[in-house]
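Data block below; observations after.
2 protein chains.
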Amino acid sequence: MSEALRVALAGLGTVGAGVIKLLDENRELIERRAGRPIEITAVSARDRSRDRGVDLSPFAWEDDSAALAARADVDVVAELIGGSDGPALNLARDTLKAGKSFVTANKAMIAHHGLELAEMAEKAKVALKYEAAVAGGIPVIKGLREGAAANAITSVYGILNGTCNYILTEMESAGGDFSDVLAEAQALGYAEADPTFDIDGIDAAHKLAILASLSFGTALDFDSVATSGIRQVIAADIAEARALGFKVRLVGMAEANGGKLFQRVHCCLVPRKHPLAHVAGSLNAIVAQGNFVGRLFFEGAGAGEGPTASAVVADLIDVARGEYGPAFAMPFARLTTSDPVNVGERRGRAYLRFAVHDRPGVLAEITAAMRDANVSIESMIQRGGAAPSEGSDDVVHLIMVTHEGPERCVADALERLRGSQSLAGEPMLMHILDL
Amino acid sequence: MSEALRVALAGLGTVGAGVIKLLDENRELIERRAGRPIEITAVSARDRSRDRGVDLSPFAWEDDSAALAARADVDVVAELIGGSDGPALNLARDTLKAGKSFVTANKAMIAHHGLELAEMAEKAKVALKYEAAVAGGIPVIKGLREGAAANAITSVYGILNGTCNYILTEMESAGGDFSDVLAEAQALGYAEADPTFDIDGIDAAHKLAILASLSFGTALDFDSVATSGIRQVIAADIAEARALGFKVRLVGMAEANGGKLFQRVHCCLVPRKHPLAHVAGSLNAIVAQGNFVGRLFFEGAGAGEGPTASAVVADLIDVARGEYGPAFAMPFARLTTSDPVNVGERRGRAYLRFAVHDRPGVLAEITAAMRDANVSIESMIQRGGAAPSEGSDDVVHLIMVTHEGPERCVADALERLRGSQSLAGEPMLMHILDL
Numbered sequence: 001m002s003e004a005l006r007v008a009l010a011g012l013g014t015v016g017a018g019v020i021k022l023l024d025e026n027r028e029l030i031e032r033r034a035g036r037p038i039e040i041t042a043v044s045a046r047d048r049s050r051d052r053g054v055d056l057s058p059f060a061w062e063d064d065s066a067a068l069a070a071r072a073d074v075d076v077v078a079e080l081i082g083g084s085d086g087p088a089l090n091l092a093r094d095t096l097k098a099g100k101s102f103v104t105a106n107k108a109m110i111a112h113h114g115l116e117l118a119e120m121a122e123k124a125k126v127a128l129k130y131e132a133a134v135a136g137g138i139p140v141i142k143g144l145r146e147g148a149a150a151n152a153i154t155s156v157y158g159i160l161n162g163t164c165n166y167i168l169t170e171m172e173s174a175g176g177d178f179s180d181v182l183a184e185a186q187a188l189g190y191a192e193a194d195p196t197f198d199i200d201g202i203d204a205a206h207k208l209a210i211l212a213s214l215s216f217g218t219a220l221d222f223d224s225v226a227t228s229g230i231r232q233v234i235a236a237d238i239a240e241a242r243a244l245g246f247k248v249r250l251v252g253m254a255e256a257n258g259g260k261l262f263q264r265v266h267c268c269l270v271p272r273k274h275p276l277a278h279v280a281g282s283l284n285a286i287v288a289q290g291n292f293v294g295r296l297f298f299e300g301a302g303a304g305e306g307p308t309a310s311a312v313v314a315d316l317i318d319v320a321r322g323e324y325g326p327a328f329a330m331p332f333a334r335l336t337t338s339d340p341v342n343v344g345e346r347r348g349r350a351y352l353r354f355a356v357h358d359r360p361g362v363l364a365e366i367t368a369a370m371r372d373a374n375v376s377i378e379s380m381i382q383r384g385g386a387a388p389s390e391g392s393d394d395v396v397h398l399i400m401v402t403h404e405g406p407e408r409c410v411a412d413a414l415e416r417l418r419g420s421q422s423l424a425g426e427p428m429l430m431h432i433l434d435l
Numbered sequence: 001m002s003e004a005l006r007v008a009l010a011g012l013g014t015v016g017a018g019v020i021k022l023l024d025e026n027r028e029l030i031e032r033r034a035g036r037p038i039e040i041t042a043v044s045a046r047d048r049s050r051d052r053g054v055d056l057s058p059f060a061w062e063d064d065s066a067a068l069a070a071r072a073d074v075d076v077v078a079e080l081i082g083g084s085d086g087p088a089l090n091l092a093r094d095t096l097k098a099g100k101s102f103v104t105a106n107k108a109m110i111a112h113h114g115l116e117l118a119e120m121a122e123k124a125k126v127a128l129k130y131e132a133a134v135a136g137g138i139p140v141i142k143g144l145r146e147g148a149a150a151n152a153i154t155s156v157y158g159i160l161n162g163t164c165n166y167i168l169t170e171m172e173s174a175g176g177d178f179s180d181v182l183a184e185a186q187a188l189g190y191a192e193a194d195p196t197f198d199i200d201g202i203d204a205a206h207k208l209a210i211l212a213s214l215s216f217g218t219a220l221d222f223d224s225v226a227t228s229g230i231r232q233v234i235a236a237d238i239a240e241a242r243a244l245g246f247k248v249r250l251v252g253m254a255e256a257n258g259g260k261l262f263q264r265v266h267c268c269l270v271p272r273k274h275p276l277a278h279v280a281g282s283l284n285a286i287v288a289q290g291n292f293v294g295r296l297f298f299e300g301a302g303a304g305e306g307p308t309a310s311a312v313v314a315d316l317i318d319v320a321r322g323e324y325g326p327a328f329a330m331p332f333a334r335l336t337t338s339d340p341v342n343v344g345e346r347r348g349r350a351y352l353r354f355a356v357h358d359r360p361g362v363l364a365e366i367t368a369a370m371r372d373a374n375v376s377i378e379s380m381i382q383r384g385g386a387a388p389s390e391g392s393d394d395v396v397h398l399i400m401v402t403h404e405g406p407e408r409c410v411a412d413a414l415e416r417l418r419g420s421q422s423l424a425g426e427p428m429l430m431h432i433l434d435l
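So this is what it looks like as C-alpha cells:
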C-alpha cells in the first residue's frame, strides 16, 4: 500500500464536518480510487468545544489555522474557512510557500486572489484546486478545465446561486413577492440571516469570474462583472414571464468575443424549453458552449454539506493521484487579459416592467421614449386593476418585451424616462436569454 | 516549448476527420492548455483517395493500421475504426504492448475487452482512455472517474443512444409509429441504414456496462446487461404515457446493491418533471446518484463529428498533461466482481399495453391473471375504437399501470396470459422510472 496523503482541515463548519464524515464513510472506496489512503492529520477551527457530530480526537488540533501549513505531518491543506482575505488567504499563501498543495471551497478568495495563488502554486509545482468553490458538488471546474479542454468556449452561463434559485422558483410555484419568500427561506434555513452576498448576486459573480477565466483562458477579472440580484423581482414579473413563455432566473453569463470579455449576473427571462428553465429549488446548473462539442449542460446540488464535501474530496483524490496541472487550465503566463466588452453594443431582447399611474398620456410618454431611443416593441401587456405592491390605487403595471437590438437603446429609453411623473417606481429590466 | 505529443490516427471517418479539423482549428488554444503541442504524425484508413475535406498530406500514411503502433514518430494512438474485435482490437493490443498510450471512441471494444486492455495499460504504465466511447462530447467518463470519485455511486442511468431518443421524441412531437419515424430518420441521416445496434439497445448496453464498471468499481460485465430496444413502441404508448404524466425514453440503468449488480437497457416511462424527460432529439444525458453529492446530471451531444472529436482530443490533452491513471478509476486488481441481481426481486411500477379483442370476458381474463400473479393495478385505460396498428377491426388497447411491486409478479402475469386467445399481439411492458 502506498503512503497516505495527509490532509490538514482548516475550518470545521458544515463543509468541514462533511469532509470528515465522507472520508470516514467512503474510506475504503476512496483508497481504491486514489491509489492510496487519504487521512486527516490535523484540524483547526475557532471553537474546539463545539459539537459537530464528528469525532475530532484522532486529529491534532491547532487553535490558529496558520500553524497548519508548516506541520511536518501535512501534505495538503483543505481550507474551508471562507472570506476573501484574512486567515484563509494567509493560510493559502503559507501553504503554497511551504511547497504543499492547497484545496479550497472559497469562491471569494479565488475570485479576488486566484491569479496570485495560481502563480505561487505553479512556481512551487503543487496543486491549487477549487472544485468546491463553484456550483458545489457539480464537477464543472473539471468539466471545463479538462472535459471541454479541446474547445474554444464561446459562452459559459448558468444558475450559480441556490438561494436565489430557491426563492425564484418558490415565487413561481407558491406565489408571493420577493420579501415574503425570502423571509420564509430564512426561516427554513435556505437563506442566511444576512443574505446580501446571495441575493445581490455577489456570490454568483465570484463563481462567474472563475468560470470565465477557466473557459476563456483569460486572467481572472472579478471587478468587471456587472452584478445585480433578485430584490426587484415581484410576483407580477414571474406571472407575466410565464404568460410570455419564460421563467425568471438569476443567470451569471460570460462570453468571449474578439478579445473582449462580457461578464454579467442579472435576472433573465429563460425560455421554457431551455435547460435552465427546468432547474428548480436550490439546484445549480451550468451551460458551456464549445466550438466543437456544442452545448454541454451540468446540473446538481450547488451547496450543502454532502455535495460540497464531495467536491473537496474529489480535489484531494486528484492530488493523491498526482493529477494536477495549472489552476486555470493553462500556465499562469499564458492567460491573456481582455478588455470588458462595451455592453451597449451587445444585442438582445429585454423585458421591461413599468409601474405607472393609470391616467391619460402615460402610455404615449413611454412609447415615445422607446421610439426616440430606437427601441422596437415586440409585445406589450397592461393589465387592468391596481398593482398592489406599489401601494397606490391608481398604479398599474405596464410590461414590454423589446425586439432584439443594442442594449444601449434600452438604457437610453430608461434614461429618457428618468424622473418622469408617469412612473410610480423604478422600472424593472430583465434580459431575455436567447441562447 | 515542450516537445509535441505525437498522435497516430487510425480510421478517417467522420470522427477521424473531426479530430484533424479540431486539432488544426484550436491548435494554439490546445497547446496552451496541454502545455505542449499535439501533432498528428501518421494516419491510416481503408481508402486513401477518398475526399474527407481535410488535408492529409502533412501526415505519414499507413495502409495497414497495425503499422501505426510500432512507428517511432508516434507517442499515442487514437483508434476511430470501430468494431469490438478485428483491426481495432489488434491495434489496441499492439499499441499497449509497445508501451504507448491508447485513446479510443470504440464502445463495443471497451465493453467487450476493456478489462484486458486496462490491465495491459496498467502494466505498461500508459493511458487507456475512452471518453468518446460513452455519450460523445459529454465528459461523463471524467465526471464519474474523477469528478464524483469521492462518492459511492448507488445508481447511474441515462439516455445513451441519440438515434433512439431522436425517434422517440419525434414520435412525441410529430406522432407516428416507430417504423414510419425510423424511415424518416434514416432519410435524414439520423439513423443508419442498418439501425440494429442502435434501436435494439445494444449500443446503449455497451455504454451502460462501461458506466457501471466505472461507477461501482466492478469488473466490466457486458454480458449481463438485459437489453431491449424501441421497436415495440407505438404511437398509442407515447400518447397514453403523456396522458399519465410521462415521456417514453430508452433508459440504460445500472444499480449496485449489496454486491449485486443490476444493468438494464429498456423503454421506460419517465415522469415529466425528471431531468431525463426534457432530453430531446439526439441528445444524450446521464444521471449519477452519489451518497454525498446527491444527483448529478450531465447533458450534451452524444454523437457527431464535433462532439466526438472534442472527447477524443480531451483524452489526448490528458495524455499530453501526463494526467492519467487506471482506466476504470482504480487499479485493475481492485475491481470487484458482482453477481447480477435477481431482477424478479426488484421492485417498481410497470406500464403494460395489451392489444385485445374487443369482446366479453377479455377484461376479466386479464385482470384475473393480474390478481393471480399478485399484481395490483394503479390505473387502467381502455379507449373505445379500433387500434389500427394491430390491423384488425375488433382490436383495442388496454393500458395498465401497476402499483409498485416485485418485477417477478408482472412477469408471472404475462406468463399466465401467454397464448391467450384474448390477446391480438405481444403485450408491451415498460418500467416506470421512479428515481
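One line per chain: the protein sequences are F and P, in this order. Take the first sequence: its position 401, counted from the start at 1, is 401 in full-length UniProt numbering, and no numbers get skipped. Take the second sequence: its position 351, counted from the start at 1, is 351 in full-length UniProt numbering, and no numbers get skipped. Every residue, glycine too, gets a C-beta built ideally from N, C-alpha and C.
Which residue marks the beginning of the beta strand (DSSP E) containing residue i, and which one marks its end?
i, result
"Asn284(P)", "Leu283 to Gly290"
"His431(P)", "Met428 to Ile432"
"Pro271(P)", "Lys260 to Pro271"
"Ser379(P)", "Ile377 to Gln382"
"Ser155(F)", "Ile153 to Ile159"
"Arg249(F)", "Phe246 to Asn257"
Where residue i and residue j are concerned, what is the direct C-alpha to C-alpha distance, given to the nearest angstrom?
i, j, result
"Ala424(F)", "Glu119(F)", "52 Å"
"Arg52(F)", "Pro87(F)", "21 Å"
"Tyr166(F)", "Glu378(P)", "33 Å"
"Arg408(P)", "Gly344(P)", "4 Å"
"Glu3(P)", "Arg145(F)", "21 Å"
"Glu365(P)", "Gly176(P)", "30 Å"
"Ala78(F)", "Asp85(F)", "16 Å"
"Leu182(P)", "Tyr190(P)", "9 Å"
"Val287(F)", "Met253(F)", "9 Å"
"Arg249(F)", "Met370(P)", "47 Å"
"Trp61(P)", "Val251(P)", "41 Å"
"Leu335(F)", "Ala149(F)", "14 Å"
"Ala303(P)", "Phe102(P)", "20 Å"
"Ala411(P)", "Gly114(P)", "33 Å"
Please report the residue range of the alpha helix (DSSP H) in which residue i lies.
i, result
"Leu117(P)", "Lys107 to Ala124"
"Tyr166(F)", "Gly162 to Ala174"
"Gln186(P)", "Phe178 to Leu188"
"Arg371(F)", "Val362 to Asp372"
"Phe197(F)", "Thr196 to Ile199"
"Ile20(P)", "Thr14 to Glu25"
In chain F, which residues lie with their C-beta within 8 Å of the C-beta of residue i?
i, result
"Ser310(P)", "Ala148, Ala150, Asn151, Gly290, Phe292 and Val293"
"Pro275(P)", "His278 and Glu299"
"Asn26(P)", "Ala150, Asn151, Ala152, Asn291 and Phe292"
If the cut is a Cβ gap below 7 Å, which residues of chain P does residue i touch?
i, result
"Met370(F)", "Those within 7 Å of Met370(F) in chain P number zero; the least Cβ separation is about 35 Å."
"Val15(F)", "Here the premise fails: no neighbours, minimum Cβ distance about 11 Å."
"Arg334(F)", "Arg32"
So residue i and residue j are supposed to be a Cβ contact under 8 Å. How far apart are they, rounded?
i, j, result
"Ala152(P)", "Leu29(F)", "6 Å"
"Phe75(F)", "Lys100(F)", "A small correction: the amino acid at residue 75(F) is Asp; Phe does not occupy that position in the sequence shown. Right, their Cβ atoms sit about 6 Å apart."
"Met330(F)", "Arg32(P)", "4 Å"
"Ser310(F)", "Leu22(F)", "7 Å"
Could you work out which residues of chain F lie near residue i, taking near to mean beta carbons separated by less than 9 Å?
i, result
"Ile317(P)", "Glu146, Ala149 and Ala150"
Using a cut-off of 7 Å between C-beta atoms, extract the partners of residue i located in chain F.
i, result
"Arg33(P)", "Ala149, Ala329 and Met330"
Residues of chain P with a CB under 9 Å from the CB of residue i: which are they?
i, result
"Glu323(F)", "Glu146, Asp318, Arg321, Gly322, Glu323, Tyr324 and Gly325"
Original post:
How do the stretch 184 to 204 of chain P and the stretch 221 to 234 of chain P stand: do at least 3 beta-carbon pairs fall below 8 Å, yes or no?
Top reply: Enough Cβ pairs lie closer than 8 Å, so yes.
Original post:
Any chance the stretch 136 to 144 of chain P sits against the stretch 168 to 177 of chain P, with 3 or more Cβ pairs inside 8 Å?
Top reply: The stretch 136 to 144 of chain P, when compared against the stretch 168 to 177 of chain P, does not touch it at the 8 Å Cβ threshold.
**OP:** Check whether the stretch 301 to 318 of chain P touches the stretch 312 to 319 of chain F, counting contact only when three or more Cβ pairs, one atom from each stretch, lie closer than 8 Å.
**Re:** Three or more beta-carbon pairs separated by less than 8 Å are not found between the stretch 301 to 318 of chain P and the stretch 312 to 319 of chain F, which leaves the two stretches without contact.
Subject >> Any 3 or more C-beta pairs closer than 8 Å across the stretch 263 to 273 of chain F and the stretch 239 to 248 of chain P >> reply: As far as the Cβ criterion goes, the stretch 263 to 273 of chain F does not touch the stretch 239 to 248 of chain P, which means the pair count is below three.
Original post:
Using a beta-carbon distance cut-off of less than 9 Å, what residues from the stretch 123 to 140 of chain F approach chain C?
Top reply: Going by chain labels, chain C is absent from the structure shown, which instead holds the protein chains F and P.
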